[in-house]
Each structure stands twice: as C-alpha cells, then as structure tokens.
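Enquirer: The structure follows.
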Amino acid sequence: MSVTVVGSANLDTTLRVVRIPGPGETVMASSIARSPGGKGANQAVGAARSGGADVRFVAALGRDADGDALLASLTGAGVGTDAVRRLADAPSGSALITVGDDGENSIVVVAGANAALTDLDENELAAVAAADVVLACLEIPMVTVVRAAREAARFVLNAAPSTPLPEDLWPHVDVLVVNEHEARDLTGAADLADAVDRLAGRVRALVVTLGARGAVVVSDGVRTSVPSTPVTAVDTTGAGDCFCGVLAARLAAGDDLVTATRWGSAAGALAVQRPGAADATPTHAEVAAALTSAASASAPATSAESDPSVPGATSAGSSSAREGRSHGEGAR
1 MSVTVVGSAN
11 LDTTLRVVRI
21 PGPGETVMAS
31 SIARSPGGKG
41 ANQAVGAARS
51 GGADVRFVAA
61 LGRDADGDAL
71 LASLTGAGVG
81 TDAVRRLADA
91 PSGSALITVG
101 DDGENSIVVV
111 AGANAALTDL
121 DENELAAVAA
131 ADVVLACLEI
141 PMVTVVRAAR
151 EAARFVLNAA
161 PSTPLPEDLW
171 PHVDVLVVNE
181 HEARDLTGAA
191 DLADAVDRLA
201 GRVRALVVTL
211 GARGAVVVSD
221 GVRTSVPSTP
231 VTAVDTTGAG
241 DCFCGVLAAR
251 LAAGDDLVTA
261 TRWGSAAGAL
271 AVQRPGAADA
281 TPTHAEVAAA
291 LTSAASASAP
301 ATSAESDPSV
311 PGATSAGSSS
321 AREGRSHGEG
331 AR
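Residue numbers (full-length UniProt numbering): 1 to 332.
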C-alpha cells in the first residue's frame, strides 16, 4: 500500500501561553519550542507512522538548516524524501504557533519554499502516478494541487486552509476532507446540513470532521456518523493532519471510507493529548490499541448523529479527538 503526499513543510515555533491573546493584547509565554510541522509533512508522517503505509513526500524545502531539520524528521519517521526538492533561493517554510492551556491554537505561516512548488518535475510526477492514494492540502500553489489530482489514481483532498476550489479540480477529487467551518466556507451555506448536501453532490465521497462531535462520512449515497470519544486536549496542532494521513493510508490498505475514518479519528485523538505536530503522531500499534479499547468500551461514545446540525446518518463506533478549528479539525 503506497501513499504520496503533495504538500507543505514548515519548521514550527510554538509558544505556550495561558490563553491566546486578542488584538492589541500582550501575554507572557511559559515556554518556546521548535519542531517539524506543516500540513503536508504532518500528513506524511501520520500516513507512515500511524497508518503503516509506504509513503513518499513531494515538497519544496530551502537549502538551509531548517530544511535539513525537516528532512531529517521526515526520514526518521519512515517517509521517502527522494521527491523533495531543495531550493537555494528560498527559505524553508516556517510557522509561529501560540497554544493556550485549553489546547487551542492560533497560527501564522510564512510559506517560504512551499510557494515555489508551482509545478511538478518528472520525478515528482512519477511519485504521484505510482501511488495507490495521493493526498494533498492547500498550503501549496493551487496549480500544483490540480496537476497532482489529474495524475493520481485516487486523490484525497484536504481542502485546508479554506480557499475557493477551481472548477477544473472538483472532477478529480475522489475523497474530500474538510472540517465544518471549511464546509461552510466552500459552499457559502450557513447551515451545516446544507453545506454537507452541497459538497456531497460535487465529489465521489466526503468526510466532514466535527471535533468533539465526531465526523460524518458520505459515500455511495450513504451517510454514516463516526462518533467521538472525549479526550483532554493538550495541543490540537496537527491533529487534523494526522487524521488525514492515516485516512489516506488506510484507504491505500483497502479499507472502506468509514473504517479509514475510524482509524484517522483514533489517531487524531491520541495526537491532541501530546504537544507538537509531527512529533505528536502516534504509532500504528497505539492507534490499533485505541481502536480495540474503544470497541470494547461499555459506555457509548458521543455521536455526530445526536447533533441537530448534522444530517441524519447511521452510526458507526469510533474514537476521535477534541479538535480545534485550525489544526485539530483539518485546517492544519
């Protein structure tokens, strides 16, 4: 089973604060840490470490110390980096992340070399064409996302950060993964049920993550709610990326979309209980154990089906995460 992730890589600088400051407000940080991140890199690590897939990463890094650190992190996680280009004229991407005591975050990203991935060379196209599943996000130029979608055997799009999608991309999306905020942004619908209806009519399959309320899967005209197991979030950074990476890996392994969503939810639930993004990614064994534990638990999980804002769906047991709007629900 093989997955190629086409996406971004950033070196994150994370500040821990009691609460995220508002406009014009200054707060004191209790700590500062640097760690690997970026939506694409987080997803690639998730697919390799949690999902157990053979993963290759297509990305652009600067020829600098940050790029060296990011490349070492990817290699250490078992991600193939032969399709990662190094640029002498652009710095590696970076992000400044503020994390509050409640685990929620705010993020500012400097694209750097990520913005230079405006095409795919022969080696990068080969990595896309050879994969069972290709996963992409929107932290790279849209033209590259469209090209990857056209070349992919099966294309999973995490449409985050939220931005309008070009008409020539929609027909190539096999699975669209968004959080509820992105679903509304993409459709202009204020009502979540309406947003899900509109998106389900445009793609072959849809996954909408709902944070503590689980997720809704729409596939072959059937809607299924994958419920969540409550967890205490330490840091939601990258949990949505972990979800997407694991989902792609399980699809490549032959799982149906509901089962793949269960795996992604369980991985995300573990990730939010740890600090960091890529560094918080659980192992395949940890995710499998969490799924076994959730299946044997006697107490029912909270289901997306119980939320009146979610369209009616059959329920499927799962484990999920308390996810924040930005990282935890898929925007990174």
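Virtual Cβ for every residue (Gly too), placed ideally from N, Cα, C.
#1: Skipping 5 residues on each side, what residues in its chain have a beta carbon closer than 8 Å to that of valine 17?
#2: Mapping DSSP to helix, strand and coil, what is aspartate 256?
#3: Just reading off the beta strand (DSSP E) that alanine 59 is part of, what are its end residues?
#4: Per DSSP, phenylalanine 155 is paired with what?
#5: How close, in whole Å, do the beta carbons of threonine 229 and alanine 294 come, if the pair is a contact with beta carbons under 8 Å?
#6: Please report the distance separating the alpha-carbon of glycine 52 from that of valine 226.
#7: Give, in chain order, every unbroken run of the alpha helix (DSSP H) that is at least 4 residues long and sits entirely within the stretch 179 to 245.
#8: Tell me whether the beta-carbon of alanine 95 lies closer than 8 Å to the beta-carbon of valine 79.
#9: So residue 358 and proline 91 are supposed to be a Cβ contact under 8 Å. How far apart are they, rounded?
#10: So, under 8 Å CB-CB, leucine 117 and isoleucine 140 are touching, yes? Tell me the CB distance rounded to an integer number of Å.
#11: Tell me, please, which residues DSSP counts as bridged to proline 13.
#12: Can you tell me whether serine 162 is helix, strand or coil according to DSSP?
#13: Quick one: using the 10 Å Cβ neighbour count with 16 as the cut-off for buried, is valine 222 buried or exposed?
#14: Tell me where the beta strand (DSSP E) around serine 2 begins and ends.
#15: Near alanine 149, what residues of its chain come up, given a Cβ to Cβ distance below 8 Å and the 5 sequence neighbours on each side ignored?
#16: Which class does alanine 116 belong to by DSSP, given the choice of helix, strand or coil?
#17: Apply the 10 Å Cβ neighbour rule to glutamate 122 and answer buried if 16 or more other Cβ atoms are within range, or exposed otherwise.
#18: Contact between the stretch 259 to 272 and the stretch 205 to 215: three or more CB pairs below 8 Å?
#19: In the DSSP assignment, the beta strand (DSSP E) including serine 106 goes from what residue to what residue?
#20: Between the C-alpha atoms of glycine 93 and valine 217, what's the straight-line distance to the nearest angstrom?
#21: Name the two residues that bound the continuous beta strand (DSSP E) containing leucine 87.
#22: Apart from the five residues on each side of it in sequence, which residues of its chain come closer than 7 Å, Cβ to Cβ, to leucine 125?
#23: Quick one: grab the DSSP three-state call for glycine 51.
#24: Alpha carbon to alpha carbon, what distance is there between glycine 240 and aspartate 194?
#25: Can you list, in chain order, the residues of its chain whose CB lies under 7 Å from that of threonine 163, leaving out five sequence neighbours each side?
#26: Hey, serine 50 and cysteine 242 are a contact pair by Cβ (cut 8 Å); roughly how many whole angstroms apart?
#27: Reducing DSSP to helix, strand and coil, say where leucine 176 ends up.
Expert: Answer, in terms of the structure:
#1: Val27, Met28, Ala29, Ser30, Thr98, Val99, Gly100 and Asp101
#2: Here aspartate 256 sits in coil by DSSP.
#3: 54 to 62
#4: Val134
#5: 6 Å
#6: 22 Å
#7: 180 to 187 and 192 to 200
#8: With contacts defined as CB atoms closer than 8 Å, alanine 95 and valine 79 fail to qualify as a contacting pair.
#9: For the chain, the structure presents residues 1 to 332; residue 358 sits outside this window and is missing.
#10: 5 Å
#11: The displayed chain sequence assigns threonine, not proline, to residue 13. Paired residue(s): Arg34 and Leu96.
#12: Coil at serine 162, not helix or strand.
#13: Within 10 angstroms of the beta-carbon of valine 222 lie fewer than 16 other beta-carbons, which makes it exposed.
#14: 2 to 6
#15: Val134, Ala136, Phe155, Leu157, Leu169, His172 and Val173
#16: helix
#17: exposed
#18: yes
#19: 105 to 110
#20: 32 Å
#21: 84 to 87
#22: Glu151
#23: coil
#24: 23 Å
#25: Leu138
#26: 6 Å
#27: strand
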